[in-house]
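Undergrad: Have a look at this one before I ask anything.
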């Protein structure tokens with residue numbers, strides 16, 4: 001019979017880490033006597049990052065003494081104490097390759113149900129003083145698991161662990177963990193996992209995403225259970241290729257379009273509606289290249305690509321394109337990328353934009369109009385006035401092709417010759433009150449593009465209108481919002497060259513495209529992630545060892561090497577920056 005060896009608790013604390021401070025509850029210590037187990041945790045215990053830990057499905061973390069013995073031998077250590085792996089229950093028995101999701105156990109007066117494996121993040125490596133630990137737990141099939149508290153009650157060290165029910169489908173903790181994190185995702189196994197009622201909502205969503213994923217013919221489309229980064233098709237070509245400017249047209253006072261075609265006249269590979277391309281140019285013939293990304297605004301499937309650019313005051317890239325590029329000139333262009341793409345669900349569609357944010361949703365509107373899509377479609381746009389309203393006539397013509405189209409235009413400062421009811425619908429900015437009055441269907445899929453504050457406001461307004469947050473999709477012009485779990489915020493800084501460069505800095509050049517920054521590589525940084533952090537480039541990560549794919553990023557150009565190798569490879573055309581180094585010059589979509 002399995003036995004509860006130790007009950008370990010600990011409240012979150014601030015811990016120094018890599019020159020920063022992380023808020024974590026990973027330090028657990030054994031307690032004596034009975035402790036009350038409640039729905040969310042044990043008395044005296046707490047979780048520092050409730051986004052990744054805690055909640056009713058992750059109330060109690062379990063780890064086994066057999067795994068302790070395995071790691072002592074594998075790592076050559078003898079300094080372990082109970083709670084070493086951040087677990088609440090240290091147990092003898094209950095191995096990960098025998099315990100099944102949905103199994104129920106009585107310990108003391110409390111009743112528990114197994115809900116999911118541990119989600120491995122960098123903090124277990126911090127506690128173990130072994131950064132590789134998140135990857136090792138998965139690679140060795142020893143993650144540990146979480147319990148949901150079905151009946152609250154006291155427990156204490158020495159209690160027997162009595163199994164009271166078997167989980168349906170008989171899928172072990174190790175089975176489920178490998179199914180998500182490793183490269184093999186058999187459909188029958190995914191279907192079995194989804195038939196387990198006890199499986200936590202987060203893992204259920206991941207299993208469903210893997211099941212829904214359509215695999216390319218022999219090409220890696222990434223791990224859809226971990227990230228949306230691989231949801232789109234792999235890029236049509238690697239790196240950059242020359243495209244010829246075949247047309248230039250003004251769209252508003254500040255926005256202009258360039259049409260790009262293949263120099264040999266062969267139609268370009270089709271892009272998905274909503275994707276962008278990255279353009280490399282050299283405004284100063286003696287200076288470094290400049291890299292900028294622009295959304296495609298034309299009809300997907302046309303022989304050429306159309307990008308639409310807003311000329312920013314003092315904008316290097318936009319100024320060069322407007323003032324120096326002419327028809328028949330050539331630009332280096334990377335293949336279309338991006339996961340902000342029109343979905344294939346039968347739900348109504350809401351397209352919301354402000355200013356030049358209309359470009360990716362305009363491509364979506366083109367796609368809908370080309371197929372005379374019967375779904376209700378809302379086009380909602382905000383602009384200063386008619387002079388600053390791009391694509392007005394084009395949009396109006398496209399909407400006439402849709403059998404159930406709705407149009408709402410808000411001008412914040414209409415001119416005297418702007419026609420109310422014709423050019424615009426409302427005076428003022430788009431707001432929650434405006435969206436509420438449109439009676440948008442709660443089952444709609446919404447796509448929003450514009451300044452960050454605008455997208456935040458529109459997202460909140462749509463949620464207030466009854467839309468599920470999972471149905472609301474946004475596209476950023478600039479840097480992505482950072483994900484640095486548990487790390488306490490410091491004053492935000494604009495991306496910059498490293499304050500204290502390492503070594504000679506004679507390695508390959510790393511270009512952060514969204515941050516308009518090019519930095520020479522030095523091996524002292526360790527990984528592309530650590531270089532980005534030294535430059536205050538916004539990044540996303542969790543495990544830092546190639547497991548979770550939170551850091552997965554589009555590799556616009558160049559090649560990388562991995563050390564350590566990731567548990568599962570990223571999508572073709574993407575890179576895991578947490579465990580990679582540049583082999584030659586690289587351009588990252590960061």
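Residue numbers (my numbering): 1 to 590.
From the three backbone atoms N, C-alpha and C, an ideal C-beta is built for every residue, glycine too.
#1: In the structure shown, what three-state DSSP assignment does residue 99 receive?
#2: So, does the CB of residue 189 fall closer than 7 Å to a CB anywhere in chain C?
#3: On a Cα-Cα basis, can you pick out the residue from 467, 31, 576, 560 that is closest to residue 348?
#4: If residue 162 sits next to residue 203, beta carbons under 8 Å apart, how far is it from one beta carbon to the other, in whole angstroms?
#5: Given this structure, state the Cα-to-Cα distance separating residue 391 from residue 366, to the nearest angstrom.
#6: Can you grab the Cα-Cα spacing for the pair residue 579 / residue 551, in whole Å?
#7: Measuring CB atoms only, is the stretch 116–126 touching the stretch 134–153, in the sense that at least three cross pairs come out at less than 8 Å?
#8: Can you tell me which residues form a DSSP beta bridge with residue 561?
#9: Please identify the residue among 171, 397, 356, 21 whose C-alpha is closest to the C-alpha of residue 97.
#10: Could you tell me whether the Cβ atoms of residue 6 and residue 82 are closer together than 7 Å?
#11: Can you give the Cα-Cα distance for residue 548 and residue 577, rounded to whole angstroms?
#12: Can you find the residues in the same chain that come closer than 7 Å, C-beta to C-beta, to residue 270, ignoring five residues on each side of it along the sequence?
#13: DSSP three-state call for residue 176: helix, strand or coil?
#14: For the alpha helix (DSSP H) that residue 318 lies in, which residues bound it at each end?
#15: Which residues in the same chain have their Cβ closer than 8 Å to the Cβ of residue 199, if we skip the five residues on either side of it in sequence?
#16: How many whole angstroms separate the CB atoms of residue 360 and residue 340, which I take to be in contact at a CB cut-off of 8 Å?
#17: Since I believe residue 512 is in contact with residue 532 (beta carbons under 8 Å), could you give me their beta-carbon distance rounded to a whole number of angstroms?
#18: Between residue 434 and the rest of its own chain, which residues show a CB-CB distance below 7 Å, the 5 nearest in sequence each way excluded?
#19: Could you tell me the boundaries of the beta strand (DSSP E) in which residue 16 lies?
#20: Are at least three pairs of beta-carbons, each pair with one atom in the stretch 312–332 and one in the stretch 392–404, less than 8 Å apart?
#21: Return the chain-ordered list of same chain residues with a C-beta closer than 7 Å to the C-beta of residue 476, the five sequence neighbours on each side being excluded.
#22: As a quick exercise: from 66, 250, 279, 251, pick the residue whose alpha carbon is nearest that of residue 260.
#23: Using 10 angstroms around the beta-carbon of residue 90, count the other beta-carbons present and answer buried if the total reaches 16, otherwise exposed.
#24: Name the residue from 558, 88, 72, 31 whose alpha carbon lies nearest to the alpha carbon of residue 58.
#25: Of all the beta strand (DSSP E) runs that stay within the bounds of the stretch 71–149, which reach a length of 3 or more residues?
#26: Distance check for residue 588 and residue 582, CA to CA, integer angstroms please.
#27: Within its chain, find whatever has a CB closer than 7 Å to the CB of residue 428; leave out the 5 residues flanking it on each side and keep chain order.
#28: Residue 25 and residue 44 look like a contact to me (Cβ under 8 Å); what is the Cβ gap, rounded to whole Å?
#29: Classify residue 247 as helix, strand or coil using the three-state DSSP reduction.
#30: In or out: residue 18 buried (at least 16 other Cβ within 10 Å) or exposed?
#31: Grab the span of the alpha helix (DSSP H) containing residue 458 for me, first residue to last.
#32: So, using beta-carbon positions, are residue 345 and residue 445 closer together than 7 Å?
#33: What's the call for residue 247, buried or exposed, on a 16-neighbour Cβ count within 10 Å?
#34: Tell me which same chain residues have a C-beta within less than 7 Å of the C-beta of residue 75, skipping the five on either side of it?
#35: Give me the Cα-Cα distance between residue 225 and residue 375, rounded to the nearest whole angstrom.
#36: What's the call for residue 125, buried or exposed, on a 16-neighbour Cβ count within 10 Å?
TA: The relevant details are as follows:
#1: Taking the first residue of the chain shown as position 1, residue 99 is located at position 99. Here residue 99 sits in coil by DSSP.
#2: The structure shown contains no chain C; it is built from a single protein chain.
#3: Here the question's residue 348 lines up with position 348 in the chain shown. It is 467 whose Cα lies nearest to the Cα of residue 348.
#4: The residue labelled residue 162 in the question sits at position 162 within the chain shown. The residue labelled residue 203 in the question sits at position 203 within the chain shown. 25 Å between Cβ atoms; not a contact.
#5: Working through the chain shown from its first residue, we reach residue 391 at position 391. Working through the chain shown from its first residue, we reach residue 366 at position 366. Those two C-alpha atoms are separated by around 12 Å.
#6: Taking the first residue of the chain shown as position 1, residue 579 is located at position 579. Taking the first residue of the chain shown as position 1, residue 551 is located at position 551. Taking the straight line joining both Cα atoms gives about 10 Å.
#7: yes
#8: In the chain shown, the residue the question calls residue 561 occupies position 561. DSSP lists 581 as partners of residue 561.
#9: Locating residue 97 in the chain shown gives position 97, counting from the first residue. Cα-wise, what sits closest to residue 97 is 171.
#10: Position 6 of the chain shown, counting from 1, holds the residue named residue 6. Position 82 of the chain shown, counting from 1, holds the residue named residue 82. Their beta carbons are under 7 Å apart, which means residue 6 touches residue 82 by this criterion.
#11: Position 548 of the chain shown, counted from the first residue, corresponds to residue 548. Position 577 of the chain shown, counted from the first residue, corresponds to residue 577. Their Cα atoms are separated by approximately 12 Å.
#12: Residue numbering aside, residue 270 sits at position 270 when the chain shown is read from its first letter. Here the set comprises 300, 301.
#13: By 1-based counting over the chain shown, the position of residue 176 is 176. If DSSP states are grouped into helix, strand and coil, residue 176 belongs with the helices.
#14: Within the chain shown, residue 318 is the residue found at index 318, counting from 1. Taken as a continuous stretch (DSSP letters only), the alpha helix (DSSP H) holding residue 318 covers 316–324.
#15: Here residue 199 refers to the residue found at position 199 of the chain shown. Excluding residues within five positions, the ones whose Cβ falls inside 8 Å are 101, 102, 115, 116, 176, 193, 207.
#16: Here residue 360 corresponds to residue number 360 of the chain shown, with the count starting at 1. Here residue 340 corresponds to residue number 340 of the chain shown, with the count starting at 1. Confirmed, Cβ separation roughly 6 Å.
#17: Taking the first residue of the chain shown as position 1, residue 532 is located at position 532. Taking the first residue of the chain shown as position 1, residue 512 is located at position 512. Indeed, because the Cβ distance is near 7 Å, the residues count as touching under 8 Å.
#18: As a working note, residue 434 is residue 434 in the chain shown. Cβ within range, chain order: 410, 426.
#19: Stepping through the chain shown from its first residue, residue 16 is reached at position 16. Run containing residue 16: 13–17, per the beta strand (DSSP E) assignment.
#20: no
#21: Position 476 of the chain shown, counted from the start, is the residue given in the question as residue 476. These residues qualify, in order along the chain: 452.
#22: Translated into the one-based positions of the chain shown, residue 260 becomes position 260. When each option's Cα is compared against that of residue 260, the closest is 279.
#23: Numbered from 1 along the chain shown, position 90 holds the residue referred to as residue 90. So residue 90 ends up on the buried side.
#24: The residue given as residue 58 occupies position 58 in the chain shown. The option with the nearest alpha carbon to residue 58 is 88.
#25: 89–92, 104–107, 110–117
#26: As a position in the chain shown, residue 582 is number 582, starting the count at 1. As a position in the chain shown, residue 588 is number 588, starting the count at 1. Roughly 11 Å between the two C-alpha positions.
#27: Position 428 of the chain shown, counting from 1, holds the residue named residue 428. Here the set comprises 410, 412.
#28: Here residue 25 is taken as the residue at index 25 of the chain shown, counted from 1. Here residue 44 is taken as the residue at index 44 of the chain shown, counted from 1. About 11 Å separates the two Cβ atoms, so there is no contact after all.
#29: On the chain shown, position 247 is the one that residue 247 refers to. In this structure, residue 247 counts as strand in the three-state DSSP scheme.
#30: Along the chain shown, one-based indexing puts residue 18 at 18. Classification for residue 18: exposed.
#31: Indexing the chain shown from 1 puts residue 458 at position 458. Per DSSP, residue 458 belongs to the alpha helix (DSSP H) from 452–464.
#32: Here residue 345 is taken as the residue at index 345 of the chain shown, counted from 1. Here residue 445 is taken as the residue at index 445 of the chain shown, counted from 1. Yes, they are a contact pair.
#33: Residue numbering aside, residue 247 sits at position 247 when the chain shown is read from its first letter. The residue is exposed, with fewer than 16 neighbouring Cβ atoms inside 10 Å.
#34: Taking the first residue of the chain shown as 1, we reach residue 75 at position 75. Closer than 7 Å at Cβ, skipping near neighbours: 130.
#35: The residue given as residue 225 occupies position 225 in the chain shown. The residue given as residue 375 occupies position 375 in the chain shown. Taking the straight line joining both Cα atoms gives about 28 Å.
#36: Against the chain shown, residue 125 aligns to sequence position 125. So residue 125 counts as buried.
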